[in-house]
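Enquirer: If you're matching positions, the sequence shown starts at 92 in this note's numbering and goes up one per residue.
Note that CB positions come from ideal geometry on N, CA and C, so glycine has one too.
A quick note: this is a predicted structure, and the numbers were derived from the prediction, not measured.
Right, I'll just put the structure down here and ask away after.
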Amino acid sequence: MNTLERYIYNKIRFSPKIKSLIVGLYQRLFSIVPIKKIQSDYNIVTREGYFFGFH
92 MNTLERYIYN KIRFSPKIKS LIVGLYQRLF SIVPIKKIQS DYNIVTREGY
142 FFGFH
């Protein structure tokens, strides 16, 4: 957590309503930010119904 996030968290951690409001606004804000297309030197293969993750 960076300094700003820690400061805000410490101010709102005991108020669930305000915390939920800020989380919702934060998520909405970043949901409209465009996502850059993946660029790779290798071919990226995608298959329907399969998931590849780093676990």
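Report the three-state DSSP secondary structure of P107 (helix, strand or coil).
Expert: The residue given as residue 107 occupies position 16 in the sequence shown. Looking at P107 - three-state DSSP - the assignment turns out to be helix.
Enquirer: Are the CB atoms of I113 and I126 nearer to each other than 8 Å?
Expert: Mapped onto the sequence shown, residue 113 falls at position 22. Mapped onto the sequence shown, residue 126 falls at position 35. No. Outside cutoff.
Enquirer: Under the three-state reduction of DSSP, which class applies to T137: helix, strand or coil?
Expert: In the sequence shown, counting from the first residue as 1, residue 137 sits at position 46. Reduced to three states, the DSSP call for T137 is coil.
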